[in-house]
Amino acid sequence: MTGMQTAPIGPSDAVPRRDILTLVALTGAAIGVAGYAWPLIDFMNPSKDVLALASVEVPLEAISPGMGITVVWRGKPIFVRHRTDAEIQQARNTPLDQLSDPQDDRARVQPGHEQWIVVVGICTHLGCIPLGNKPSEMRGNLGGWFCPCHGSQFDTSGRIRVPPAPSNLPIPPYTFESDTKIRIG
Amino acid sequence: MTSGLAGWVDTRLPIVTLMRKEFGTFPVPKNFNYFWNFGAISMLLMVVMISTGVVLAMDYMPNAAEAFGSVQHIMRDVNYGWLVRYLHQNGASMFFIATYIHTFRGIYYGSYKSPRELLWILGVVTLLIMMSTAFMGYVLPWGQMSYWGATVITNMFAAIPFVGDAVVTWLWGGFGVDSPTLSRFYSLHYLLPFVLVAVVLLHITAIHKVGSNNPLGIDVRSPQDTLPFHPYYTIKDCFGLCVYLALFAVLVFFAPDLFGDPTNFIPANPLQTPADIQPEWYFLPFYAILRAVPNKLGGVALMFGAMAILLALPWLDTSPVRSARFRPIYRPLFFVWLASIVLLGAVGAHKPEGIWVILGRIGTIYYFGHLLVVMPILGRFERPLPLPDSISRPVITRNALPRGASVAEIRP
Ligand code: FES
Chain R
1 MTGMQTAPIG
11 PSDAVPRRDI
21 LTLVALTGAA
31 IGVAGYAWPL
41 IDFMNPSKDV
51 LALASVEVPL
61 EAISPGMGIT
71 VVWRGKPIFV
81 RHRTDAEIQQ
91 ARNTPLDQLS
101 DPQDDRARVQ
111 PGHEQWIVVV
121 GICTHLGCIP
131 LGNKPSEMRG
141 NLGGWFCPCH
151 GSQFDTSGRI
161 RVPPAPSNLP
171 IPPYTFESDT
181 KIRIG
Chain U
186 MTSGLAGWVD
196 TRLPIVTLMR
206 KEFGTFPVPK
216 NFNYFWNFGA
226 ISMLLMVVMI
236 STGVVLAMDY
246 MPNAAEAFGS
256 VQHIMRDVNY
266 GWLVRYLHQN
276 GASMFFIATY
286 IHTFRGIYYG
296 SYKSPRELLW
306 ILGVVTLLIM
316 MSTAFMGYVL
326 PWGQMSYWGA
336 TVITNMFAAI
346 PFVGDAVVTW
356 LWGGFGVDSP
366 TLSRFYSLHY
376 LLPFVLVAVV
386 LLHITAIHKV
396 GSNNPLGIDV
406 RSPQDTLPFH
416 PYYTIKDCFG
426 LCVYLALFAV
436 LVFFAPDLFG
446 DPTNFIPANP
456 LQTPADIQPE
466 WYFLPFYAIL
476 RAVPNKLGGV
486 ALMFGAMAIL
496 LALPWLDTSP
506 VRSARFRPIY
516 RPLFFVWLAS
526 IVLLGAVGAH
536 KPEGIWVILG
546 RIGTIYYFGH
556 LLVVMPILGR
566 FERPLPLPDS
576 ISRPVITRNA
586 LPRGASVAEI
596 RP
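Written out as C-alpha cells, the structure reads:
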C-alpha cells in the first residue's frame with residue numbers, strides 16, 4: 001500500500017518502478033548463474049597435471065636423412081623428419097603463388113637447422129594422421145606426407161598442396177638444446 | 186495470449202501456459218511464513234548437487250586403486266576442483282538441513298493430513314532416496330570413514346533372517362567391500378539423483394492438485410485467502426534462497442571441512458578400523474537408534490522403521506486439526522519429540538558407553554512412543570483451540586489493523 005502512495009503517478013514515471021526492480025533482480029540472477037557456471041565450465045579445461053606434461057625432449061642422432069620419427073607430445077603425434085638436400089631444395093624452390101596457404105620454407109624451420117622439419121602430424125582437414133613419415137610409406141606426389149583419409153598431400157615443408165585440407169601442418173613450439181637434441185613444448 | 190516465438194511454441198506445446206498457470210497465477214495461501222521457503226531451497230540444492238556432481242564425475246575414478254587419488258587430483262590439479270568438490274560435499278549437508286526443516290515444518294503444521302497424504306508419502310520417498318544417495322556418495326572418496334561406513338551399513342543387511350549373508354555378498358559383489366562395491370555404488374550414486382528429480386516432480390504435481398497447506402492449517406475458503414504465486418512467493422523464495430546461499434558460501438569458503446571427518450583423509454585400509462567411527466551428521470539419530478537396541482536384527486529393524494513409520498504418519502495422527510498452533514497439548518509434545526531427535530543425534534556422535542547408552546534408549550523410546558502412542562491417542566481427546574474463520578481474518582487482525590483498533594470493530 002505504501003508503495004502506491006509514495007510512487008509518483010503520471011507521465012514523469014516513464015519507466016515503472018516494478019520494471020526497474022525486475023530488471024535489477026534478473027540482472028543479479030544472471031550474474032549469479034554465470035558466476036556459478038564458470039567454475040563448472042573451467043573444470044573441464046586441461047588440469048594442472050595435464051599441462052605439466054607439456055614438454056618432451058627428442059634426441060636426433062639416430063635419424064638419418066630421408067627418415068622421420070613420430071613422438072608423442074600432449075597426446076598428439078609430432079613428426080620429426082630429417083630432410084635430404086633434394087627435399088630442402090624442392091621446398092625452397094616452390095614459388096609461393098603455387099601454395100594455397102602461402103608460407104616460406106625458411107619460416108617453417110629454424111635457421112642453421114634447415115634439414116629438420118618438425119610438424120604436428122595431424123591432418124588439418126579432419127584430423128587423420130598422414131602417412132609418409134617413414135620412407136616405406138606413401139608420401140604422395142610431392143614427397144612429403146599423404147593423408148589416407150581423403151587424399152590431402154603435403155610437401156616436404158609440411159605445406160598443404162593438394163586439398164581438401166585447408167592449411168599447412170602446424171609447427172609446434174620447439175627449441176634446439178644442441179645440434180642433436182630438440183625440446184618440444 | 187503470448188505472441189512471437191513463445192506464442193508459436195505455446196499453441197503447439199502449451200509450456201508457457203503451463204508455467205504461467207502453475208508458477209505464475211497459481212493461487213497460494215497468503216499467510217506463509219519463512220518455513221515455507223524450504224521446499225524451493227531444497228530444489229535449488231538438488232540442482233547444485235546434480236550440476237556439481239556431473240562435472241566431478243568427469244575426473245573421478247570409481248575403482249579402489251585410483252578413487253582416493255582421483256579425489257586429491259580433483260582438489261589440487263583440476264581447475265576449480267576444490268570449489269566444485271567442496272560445493273558438492275557441503276551441498277549435501279545444506280541439502281539435508283533444508284529438507285529436514287521442510288519435513289519438520291510439514292509435521293508441525295500437519296501438512297500430511299487429508300488431502301495431502303500422497304504428497305507426504307512422496308516427500309518421505311524423496312528423503313529415502315536422498316539418504317541412499319548420500320550414503321553411497323560418502324563411500325566414493327574411499328577414505329577410512331568411507332570404507333568402514335560402507336562396511337558397517339552393508340553388514341546391517343546380514344541381520345535379515347536366513348538370506349542375510351547371501352544378500353550382503355550380493356551387495357558387495359565379493360567377500361568384502363572392495364572395487365566392485367565401489368563401482369556399483371558409483372553407478373547408483375549417479376542414477377538415484379535422477380530418480381529423485383522424477384519423484385520431486387510428482388511431489389510438485391501433487392501439491393498443485395491439492396494446494397499448499399498454511400501456518401493456520403485451515404482450508405482456503407475464498408480468493409481473498411490467496412495470492413498469486415508470482416510475484417509474491419517467487420520474491421519471497423528468492424529472498425530466502427539468497428540468505429540460505431550466503432550461509433552455504435560461508436560454509437564452503439571459510440569452513441569447508443566443518444562437517445567432514447578428519448579420518449577420511451586417510452586412504453581406505455581394509456585391515457584397520459579407525460578408533461572412532463560415526464556417520465555423517467544427518468544420519469546420527471538413526472545411528473543412535475541402531476545402537477540403542479542390544480540385538481542385531483532389532484537394532485537394524487528399528488533404524489529402518491524410524492524412517493518407514495513416517496510413511497504412516499497421516500493415519501497415526503487422529504486429530505482433525507492440522508496446525509499444531511491450535512493443539513495445546515500436542516504442540517509442546519512436538520517440541521519434546523524434536524528434542525528427542527536432537528538428543529539421539531548427540532548420542533550418535535558419542536561412544537556407546539555410560540550415560541549415552543541410557544540417553545539413547547530414552548530418545549528411541551520417545552521417538553517411537555510419540556508417533557505410535559501419543560499421536561493416535563492425543564488426537565481423540567485433546568480439545569483444540571478455536572480455529573479462525575478464514576485465512577484472511579487473522580491476517581487482517583494481526584498485521585493490517587491501525588494501532589488501537591480492536592478485532593471486534595471489523596467483525597461483521
Ligand atoms: S583427414 Fe586428411 S584428408 Fe581428410
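Chains R and U supply the protein sequences, listed in that same order.
Per my numbering: the first sequence = residues 1 to 185.
Per my numbering: the second sequence = residues 186 to 597.
Even glycine gets a Cβ: it sits at the ideal position worked out from N, Cα and C.
Values in this document were obtained by computation on a predicted structure and should not be read as measured data.
| Check | Outcome |
| --- | --- |
| The segment 304-316 of chain U in contact with the segment 282-289 of chain U per 3-pair CB rule at 8 Å | yes |
| Proximity of I188/R and V58/R at Cβ, strictly below 8 Å | Residue 188/R cannot be examined here, being either before or after the span of chain R that is shown, 1 to 185. |
| Near-chain R residues of the segment 260-272 of chain U (beta-carbon distance less than 9 Å), N- to C-terminal order | R261, D262, V263, N264, Y265, G266, L268, V269 and L272 |
| Within-8 Å CB hit, M488/U to chain R | no |
| 7 Å Cβ shell around R546/U - same chain, five flanking residues per side excluded | A477 |
| 7 Å CB neighbourhood of Q110/R in its chain, flanking five on each side removed | F176 |
| Validate contact between the segment 208-226 of chain U and the segment 75-94 of chain R using beta carbons, cut 8 Å, 3 pairs | no |
| Those runs of the alpha helix (DSSP H) which lie wholly inside the segment 339-382 of chain U and span at least 4 residues | 349-357 |
| Under 7 Å by beta carbon: chain C residues contacting P39/R | Protein chains R and U are contained in the structure displayed, whereas chain C is not. |
| Supposed contact pair G402/U and R507/U - C-beta distance, whole angstroms, cut 8 Å | 3 Å |
| Cβ-Cβ separation, D410/U to P247/U (assumed contact under 8 Å), whole Å | Rounded, the Cβ-Cβ distance is 52 Å, inconsistent with contact. |
| Interface residues of chain R facing S504/U [CB-CB closer than 9 Å] | Within 9 Å Cβ-Cβ: nothing; S504/U doesn't reach chain R, min ~38 Å. |
| 7 Å Cβ shell around I314/U - same chain, five flanking residues per side excluded | L377, V380, L381 and V384 |
| Contact list for F213/U against chain R, beta-carbon separation under 7 Å | Per the sequence shown, residue 213/U should be read as Val rather than Phe. Residues of chain R passing the Cβ test: none, with the nearest at roughly 19 Å. |
| Supposed contact pair D244/U and G276/U - C-beta distance, whole angstroms, cut 8 Å | Wrong, their Cβ atoms sit about 17 Å apart, outside the cutoff. |
| L487/U versus I345/U - alpha carbon distance | 13 Å |
| Best match in S47/R, P166/R and I31/R for proximity to I259/U [C-alpha to C-alpha] | S47/R |
| Chain U contact for D19/R (CB, 8 Å cutoff) | no |
| For I547/U, the three-state DSSP class (helix, strand or coil) | helix |
| P166/R beta carbon near ligand 1 (any heavy atom closer than 7 Å) | no |
| Straight-line gap, I184/R to V50/R (C-alpha atoms, nearest Å) | 15 Å |
| Contact check, V353/U vs A335/U, beta carbons under 8 Å | no |
| Three CB pairs or more closer than 8 Å across the segment 429-438 of chain U and the segment 490-497 of chain U | no |
| Cβ contact (3+ pairs, closer than 8 Å) linking the segment 99-108 of chain R and the segment 52-72 of chain R | no |
| Under 8 Å by beta carbon: chain U residues contacting S47/R | D244, H258, D262, V263, N264 and G266 |
| Beta-carbon proximity of F223/U to A283/U, cut-off 8 Å | yes |
| Interface partners of S236/U on chain R, CB under 9 Å | Y36, A37 and L40 |
| N- and C-terminal bounds of the alpha helix (DSSP H) containing G484/U | K481 to L496 |
| Minimum C-alpha distance to S178/R - residue among T84/R, A86/R and G112/R | G112/R |
| Where the beta strand (DSSP E) through H82/R begins and ends | K76 to H82 |
| Beta-carbon proximity check, I576/U vs N399/U, cutoff 8 Å | yes |
| Expected contact under 8 Å - CB spacing of P452/U and F253/U to nearest Å | 4 Å |
| Any chain R beta carbon closer than 8 Å to L586/U | Low confidence applies to L586/U: its pLDDT is 48, below 50, so where it sits in the model is not reliable, and the reading given next is rough at best. Cβ-Cβ to chain R under 8 Å: no for L586/U. |
| Rounded Cβ spacing between W116/R and G132/R (contact assumed at less than 8 Å) | About 16 Å separates the two Cβ atoms, so there is no contact after all. |
| Any chain U beta carbon closer than 8 Å to A54/R | no |
| F154/R to E114/R span [Cα, whole Å] | 17 Å |
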